[in-house]
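Okay, so here's the structure we're looking at.
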Amino acid sequence: MEKILLSGDEAVARGAWEAGCLVAAAYPGTPSTEILETLAGYPEINSRWSANEKVALEVAGGAALGGVRALAAMKHVGLNVAADPLLTLAYTGVRGGLVVVSADDPGCHSSQNEQDNRHYAELAKLPMLEPADSQECLDFTRAAFDLSERFDAPVLLRLTTRVCHSKSLVAPGARPKPPIQAYLRDIKKYAMIPAFARPRHAAVEAKLRQLADFNNDSEFNRIEWDEPKKIGVITSGAAYQQAREAFGDTVSYLKLGLTYPLPGRLLATFARAVDRLYIIEEGDPYLEKAVRALGFDCLGKELIPLLGELDAALLRRAFRPPSPARPLTSLIQPPPRPPVLCAGCPHRGILHILGQKKKDLAVFGDIGCYSLGVQPPLEALDALICMGAGFSGAIGLALALKAAGDQRKVVGLLGDSTFYHSGLTGLVEAVHSQADLCLCILDNSTTAMTGHQANPGTALDLMGRPAPALDMAAVVRGLGVPADRLSLVDPLDRAAVTEALERSLAAGGLSVIIARRPCVLLKEMRGAFKYRGRVAPDKCQKCRLCLKVGCLALSFRDGRASIDPTACLGCGYCRSVCGFEAIEMEEAQ
Ligand SMILES: Cc1ncc(C[n+]2csc(CCOP(=O)(O)OP(=O)(O)O)c2C)c(N)n1
0 MEKILLSGDE
10 AVARGAWEAG
20 CLVAAAYPGT
30 PSTEILETLA
40 GYPEINSRWS
50 ANEKVALEVA
60 GGAALGGVRA
70 LAAMKHVGLN
80 VAADPLLTLA
90 YTGVRGGLVV
100 VSADDPGCHS
110 SQNEQDNRHY
120 AELAKLPMLE
130 PADSQECLDF
140 TRAAFDLSER
150 FDAPVLLRLT
160 TRVCHSKSLV
170 APGARPKPPI
180 QAYLRDIKKY
190 AMIPAFARPR
200 HAAVEAKLRQ
210 LADFNNDSEF
220 NRIEWDEPKK
230 IGVITSGAAY
240 QQAREAFGDT
250 VSYLKLGLTY
260 PLPGRLLATF
270 ARAVDRLYII
280 EEGDPYLEKA
290 VRALGFDCLG
300 KELIPLLGEL
310 DAALLRRAFR
320 PPSPARPLTS
330 LIQPPPRPPV
340 LCAGCPHRGI
350 LHILGQKKKD
360 LAVFGDIGCY
370 SLGVQPPLEA
380 LDALICMGAG
390 FSGAIGLALA
400 LKAAGDQRKV
410 VGLLGDSTFY
420 HSGLTGLVEA
430 VHSQADLCLC
440 ILDNSTTAMT
450 GHQANPGTAL
460 DLMGRPAPAL
470 DMAAVVRGLG
480 VPADRLSLVD
490 PLDRAAVTEA
500 LERSLAAGGL
510 SVIIARRPCV
520 LLKEMRGAFK
530 YRGRVAPDKC
540 QKCRLCLKVG
550 CLALSFRDGR
560 ASIDPTACLG
570 CGYCRSVCGF
580 EAIEMEEAQ
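If you read the sequence shown in numbering that gives the first Met the number 0, its first letter stands for residue 0, the second for the next number, and so on.
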């Protein structure tokens, strides 16, 4: 078959297909999202967006226990959500192969932290594979299913942003008839009550010893010698590519692919053969600690940053700082382009109103496009931790403010996808504990931030098939919020949002506002706005109030506010903010 150009994510999907995977589940999150988006193109695989990562892994885990090959994918923080089933699936083992993809984001390109999920392999006591390019993404994924069945364990496939998103040539293969094994009831293996879990733990430890031994000669690792063997570099994943680009054939490499459990004998052979040993890895000193624990002296994080991503120029500088007279060209940085809410974004209205009231409010935010409301000019959110915390964090914050006699009211805020992901349990807690809060759900009918994925509130599933959309208002009422404490508003309707917010906060107790308007970038919204804003020059009083809405179509030019007609989508929110009726709407050309 001819080679094809694939990103790492696409190659993982292809590898799963070639391995005969039958079930794939994920919750979107950069840099992992394209794995399921690609799998959706293979009709032989039942692929889905799950409500969250824990659900995704449990769906895949259940399928693997049932005897078919299954895959769950997520970004690194998603594995925190899925950690509970992960650690016990290690005990049950599998029947059909189970591959768990964790896509880490060194450098926080689009994440709230840059945790190094290699530690999860050690914590969960699971084999871990780390591909370094698209071909390895395909090969390792395919092999991961075999490894999973051979050692009766879920396999962690750990990727990072560069591996997920870089494209390189891949030799594709065929898909055999998917191996399906008969489901067998085996409670000692699959029902983890304490009496059965204890012996399963012993089985896991035995498996790890076998895996470590297997890894010493496994095809996943390779040594690339340089003669004479002066400098040795131990590395894996994207760091291998960066090291090769920086040092080429001038050093010897031990490139690791199966990075847990580590191959002690192989590491020792390599370490003994070279004069000086370096560990080049992104993130924590994971390999470095293991090499030191084997008794070998090496250099790693003293030279190479623990924070952020590596690149070849950074590695060259780490080993040989450039002379100030001849700086490396890559030291030139592109100008920063901070992300902003799109023109016409429905979140803008409610965020602007919350920002205007920030002296009287404390707002616990969440992760979604509305996170862009943290910074000026909106300044609507006080805190943001992880998905779901917009509600539960707000409950705790309200308790603290009450204890301190602080009169500020507390608002919790999250989006529709986040509500179904992990906001539901926070709402249950708020109802049951009679929290004194206003909780807002910004329902734009999609999972916008990661690229418009379906969620339980949308009417189509990942494969594009019609799916029953949950009725959010009914869900909220069903969880115990009385109808008169629930408001449904258009987030760009300034008067309605202000009224709902003030009424909710004045009444005290728990109230919920669903601010609903579809994301302006959804296909079905094309052409929805028939007008464009225009500033009437004679009416503009130069007060700059409209600029506070943070719309990229608005700027201050030639001494007055101005609207770029090519950027404006005509949502009209800025018009409702202007106190001088200086913004007019005219028909779009
Ligand atoms: C545990 C976890 N999983 C996935 C993500 C990636 N992620 C960030 S925001 C977001 C979607 C938020 O959707 P929604 O709440 O509907 O807000 P929108 O972007 O549509 O405004 C996702 C999937 C994450 N940050 N954390």
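The beta carbon of each residue, even a glycine, is placed where N, CA and C say it ideally should be.
Spatial neighbours of residue i in its chain, beta-carbon cut-off 6 Å, leaving aside the 5 residues before and after
| i | result |
| --- | --- |
| residue 419 | 50, 454, 455 |
| residue 464 | none |
| residue 14 | 137, 140, 141 |
| residue 560 | 534, 539, 545 |
| residue 201 | none |
| residue 413 | 365, 389, 422 |
| residue 504 | 408, 437 |
| residue 282 | 105, 115 |
| residue 62 | 22, 69 |
Per DSSP, the bridge partner or partners of residue i
| i | result |
| --- | --- |
| residue 235 | 255 |
| residue 70 | 23, 98 |
| residue 594 | Nothing can be reported for residue 594, as the shown portion of the chain is limited to 0 through 588. |
| residue 437 | 410, 510 |
| residue 382 | 363 |
| residue 230 | 275 |
| residue 127 | 155, 259 |
| residue 561 | 554 |
| residue 166 | 6 |
| residue 298 | 277 |
| residue 583 | 533 |
| residue 104 | In DSSP, residue 104 forms no bridge with anything. |
| residue 243 | Per DSSP, none; premise fails for residue 243. |
| residue 141 | None; residue 141 has no bridge partner. |
| residue 515 | 442 |
Same chain, Cβ closer than 7 Å to residue i, neighbours up to 5 away in sequence not counted
| i | result |
| --- | --- |
| residue 585 | 530, 531, 533 |
| residue 26 | 48, 49, 51, 52, 55, 73, 77, 420 |
| residue 641 | Because the chain spans 0 through 588 in this model, residue 641 falls outside it and cannot be assessed. |
| residue 60 | 84, 88, 97 |
| residue 407 | 359, 360, 361, 400 |
| residue 180 | 66, 94, 95 |
| residue 580 | 538 |
| residue 2 | 168, 169, 170 |
Close Cβ partners of residue i (< 8 Å) along its chain, the five nearest in sequence each way excluded
| i | result |
| --- | --- |
| residue 466 | 453, 457, 458, 459, 460 |
| residue 490 | 345, 346, 347, 348, 349, 441, 496, 514, 515, 516 |
| residue 339 | 371, 549, 551 |
| residue 284 | 278, 299, 300, 305 |
| residue 480 | 426, 430, 509, 510, 511 |
| residue 215 | 262, 263, 264, 265 |
| residue 542 | 578, 579 |
| residue 134 | 10, 167, 168, 169, 170 |
| residue 506 | 484 |
Heavy atom of ligand 2 within 8 Å of residue i beta-carbon
| i | result |
| --- | --- |
| residue 52 | The model depicted lacks ligand 2 and carries ligand 1 instead. |
Entirely within the segment 7 to 63 and at least 3 residues each: give me those beta strand (DSSP E) ranges in chain order. 22 to 25, 45 to 48
Mind pulling the beta strand (DSSP E) runs of 3 or more residues that sit fully within the segment 302 to 375? 360 to 363
For the structure I just gave you, are there three or more beta carbon pairs, one from the segment 290 to 299 and one from the segment 215 to 225, closer than 8 Å? no
Contact between the segment 229 to 239 and the segment 184 to 198 (3+ Cβ pairs under 8 Å): no
List, from N- to C-terminal side, the beta strand (DSSP E) runs of 3 residues or more that fit wholly inside the segment 434 to 500. 436 to 442, 485 to 488
In chain order, which continuous runs of the alpha helix (DSSP H) of length 4 or greater are located wholly inside the segment 186 to 223? 186 to 189, 193 to 215
Decide if the segment 255 to 265 is in contact with the segment 90 to 97; the criterion is three or more beta carbon pairs, one per stretch, under 8 Å apart. no
If contact is defined by three or more beta carbon pairs under 8 Å, each pair taking one atom from either stretch, is the segment 208 to 220 in contact with the segment 238 to 251? no
Taking contact to mean 3 or more Cβ pairs, one atom from each stretch, closer than 8 Å, check whether the segment 107 to 120 and the segment 171 to 188 are in contact. no
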